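Chains as they are written, first to last, in the working numbering: chain A, 1 to 198; chain B, 1001 to 1198. Where is the CB? At the ideal position from N, CA and C, for every residue including glycine. Remember, predicted model here, so these are calculated numbers, not experimental data. The block underneath contains the structure these notes are about, expressed in structure tokens.
2 protein chains.
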Amino acid sequence: MAAGRKLQFDKDQALDEAMQVFWANGYSGTSLNQLTSALGINKPSLYAAFGNKEQLYCRALERYGSRYGEPRLQHLTKPDTSPLREGVQAYLLAVARFQTDPDLPGGCFFVQTTGEARASAMPHPVVDSMTTINRQTLEKLTGFFEREKAAGRLDSESAPGTLALYLMNTLFGMAMIARNGATFSDLEKVVALAIQVF
Amino acid sequence: MAAGRKLQFDKDQALDEAMQVFWANGYSGTSLNQLTSALGINKPSLYAAFGNKEQLYCRALERYGSRYGEPRLQHLTKPDTSPLREGVQAYLLAVARFQTDPDLPGGCFFVQTTGEARASAMPHPVVDSMTTINRQTLEKLTGFFEREKAAGRLDSESAPGTLALYLMNTLFGMAMIARNGATFSDLEKVVALAIQVF
DNA sequence: ATAATAATGTACCGGTCGGTACATTGATTG
DNA sequence: CAATCAATGTACCGACCGGTACATTATTAT
């Protein structure tokens, strides 16, 4: 083992905390003092562990994707035998769950970042990272509908890309009305209507 | 006429500029220097005309509502004889037009503000104002569906409040995917699917 | 003309921003 | 036991933040 003093905080836990602070307050709405007091460490420790504010934000984005984004996507592909509409419904409801979780900042960190991405105060690497994430998400959803269509389980005449865009629109909308205070029950009603399209 | 030097800028025009700067960069992402250079005036003039940053933001919200929000709402009620679905379509497409206008910051200023409203850096009066606007919008949409239902032009079995929430969800979603770079053509496809619910 | 009034330009205020230098503390290696 | 090395706490940096004091410039009323 390397010599020297040990880390006096849990790096993963600190990253989770930072993610929530950024999620709640945005990039330019979050100060280093907010971060250090939320993480319970001081600035030199934060900089030694994560680089700087911009790099910490990018790592928080990655953490959010692996912790909240990707796990829910599995609802789409898991039950291959059930109707398409049920898979989409399960996916949307799973997303609605954590978007309205009272222990979380509300909505979706990706959507928050997308909204802030055109601000001049947002560093370009963060914008690029967010753009890539959104493009990949749309591609994943498009691929899902393409496979469903090839399998003959897609009644709609719409193109897979169009269905993916509509689903993305629904997801983004849910994030914002959750941010505005909508409850899980509210989102349930929205989902019930939204899946009629499929 | 009152004595004293004349205003050397157009107040309405300056408010429009300020609205766009806030719309593009958010509350905490916008600095006074950005505002003064965009409006072409200096700080004392800005403060004499609009109070402070917080009050200017609230006036920008009002301006946005009267300039972009309310005019589009009339698409819902104007053609009382046409099918409900066509009215909703006309409304959504009119919204999609300015959300993707290349001369505007993209998306919806109200949605941007809603996303930032839970940030600790956001002044409470702004949050209250935004909360009221969103509540009133939902009430207007609910009232629309209630009247349509009373007139027997509503096929859906869903409650007016639920339909209003779904419409709001669609509007918020459109704002975010427009913010993410979606074109009017993209939003057209989303609208075509979204109105199938009605 | 001159007094009164209102908007402008400049220069500045205390406070906070993101980021860091440096000395100290604690753990490992020999 | 030093000697070494990494993480911490403190104290600070220049830059920018929102906001304002004050003198100057225009404009109107007397």
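Beta-carbon gap between residue i and residue j smaller than 8 Å
| i | j | result |
| --- | --- | --- |
| A:E54 | A:P125 | yes |
| A:T170 | B:N1169 | yes |
| A:A60 | A:F110 | no |
| B:G1069 | A:G115 | no |
| B:Y1064 | B:M1122 | no |
| A:A96 | A:M174 | yes |
| A:A94 | A:H75 | yes |
| A:T137 | A:P160 | no |
| B:L1187 | A:V190 | no |
| B:G1029 | A:A119 | yes |
| B:T1077 | B:F1144 | yes |
| B:M1176 | A:F98 | no |
| A:L56 | B:T1162 | no |
| B:L1073 | B:K1140 | yes |
| B:A1150 | B:T1100 | no |
Residue i - containing alpha helix (DSSP H), residue span
| i | result |
| --- | --- |
| B:L1141 | H1124 to A1150 |
| A:I41 | Per DSSP, A:I41 belongs to no alpha helix (DSSP H) and is neither H nor E. |
| A:N169 | P160 to R179 |
| B:S1185 | F1184 to A1194 |
| A:T113 | F109 to E116 |
| B:Y1027 | Careful: B:Y1027 lies outside any alpha helix (DSSP H) and carries neither H nor E. |
| B:Y1064 | K1053 to Y1064 |
| B:P1071 | E1070 to T1077 |
| B:V1005 | Residue identity check: residue 1005 of chain B is Arg in the sequence provided, not Val. Unbroken run through B:R1005: none, as it is neither H nor E. |
| A:V280 | Nothing in the structure corresponds to residue 280 of chain A, since chain A is present only between 1 and 198. |
Contact set between residue i and chain B, taken where Cβ atoms lie within less than 9 Å
| i | result |
| --- | --- |
| A:S37 | None at all; the shortest Cβ gap to chain B is about 12 Å. |
| A:G29 | G1026, Y1027, S1028, G1029, E1116, A1119, S1120, A1121 and M1122 |
Close Cβ partners of residue i (< 7 Å) along its chain, the five nearest in sequence each way excluded
| i | result |
| --- | --- |
| A:V127 | A117 |
| B:K1011 | A1049 |
| B:A1003 | none |
| A:K43 | L32 and T36 |
| A:L84 | E148, R153, L154 and F198 |
| A:G51 | none |
| B:C1058 | P1125, V1126 and S1129 |
| A:C108 | Q99 and A175 |
| B:F1184 | A1096, R1097 and T1100 |
Under 7 Å by beta carbon: chain A residues contacting residue i
| i | result |
| --- | --- |
| B:Q1136 | Here the premise fails: no neighbours, minimum Cβ distance about 13 Å. |
| B:V1111 | M176 |
| B:S1158 | L193 |
| B:T1077 | Neighbours of B:T1077 on chain A: none; closest Cβ ~22 Å, over 7 Å. |
Within chain A, the residues that residue i reaches when beta carbons sit closer than 9 Å
| i | result |
| --- | --- |
| B:P1105 | R118 |
| B:V1197 | L193, A194, Q196 and V197 |
Proximal residues of chain B, C-beta to C-beta of residue i below 8 Å
| i | result |
| --- | --- |
| A:L165 | I1177, A1182, D1186, K1189 and V1190 |
Sequence-distant residues of its chain with Cβ nearer than 6 Å to residue i (five each side left out)
| i | result |
| --- | --- |
| B:G1106 | A1178 and R1179 |
| A:A14 | L39 |
| B:G1026 | E1116 |
| B:L1167 | L1141 |
| B:I1041 | F1009 |
| A:G17 | What sits at residue 17 of chain A in the sequence shown is Glu, not Gly. Excluding sequence neighbours, A:E17 sits near A38 and L39. |
Neighbouring residues, chain B, relative to residue i (Cβ below 7 Å)
| i | result |
| --- | --- |
| A:N25 | A1119, S1120 and A1121 |
| A:T100 | Those do not exist, as A:T100 stays about 13 Å from chain B at its closest Cβ, beyond 7 Å. |
| A:T142 | Those do not exist, as A:T142 stays about 13 Å from chain B at its closest Cβ, beyond 7 Å. |
Within chain A, partners of residue i - CB distance below 8 Å
| i | result |
| --- | --- |
| B:M1235 | With chain B covering only 1001 through 1198, there is no way to say anything about residue 1235 of chain B. |
| B:T1132 | Neighbours of B:T1132 on chain A: none; closest Cβ ~12 Å, over 8 Å. |
| B:T958 | As shown, chain B starts at 1001 and ends at 1198. That puts residue 958 of chain B outside it, with no answer to give. |
Neighbourhood of residue i by C-beta, 8 Å cutoff - its chain only, sequence neighbours within 5 removed
| i | result |
| --- | --- |
| B:E1146 | P1160 |
| B:M1130 | L1061, F1110, T1113, T1114 and A1117 |
| B:T1195 | Thr is not the amino acid found at residue 1195 of chain B; the sequence shown has Ile there. If we look at B:I1195 and ignore the five residues flanking it on each side, its Cβ neighbours are R1085, V1088, Q1089 and L1092. |
| B:Q1034 | V1021 and N1025 |
| A:S156 | L163, V197 and F198 |
| A:P102 | none |
| B:L1104 | Q1020, W1023 and F1098 |
heavy atom of the ligand FAD below 7 Å from residue i C-beta
| i | result |
| --- | --- |
| A:A90 | This structure lacks the ligand FAD, and indeed carries no ligand of any kind. |
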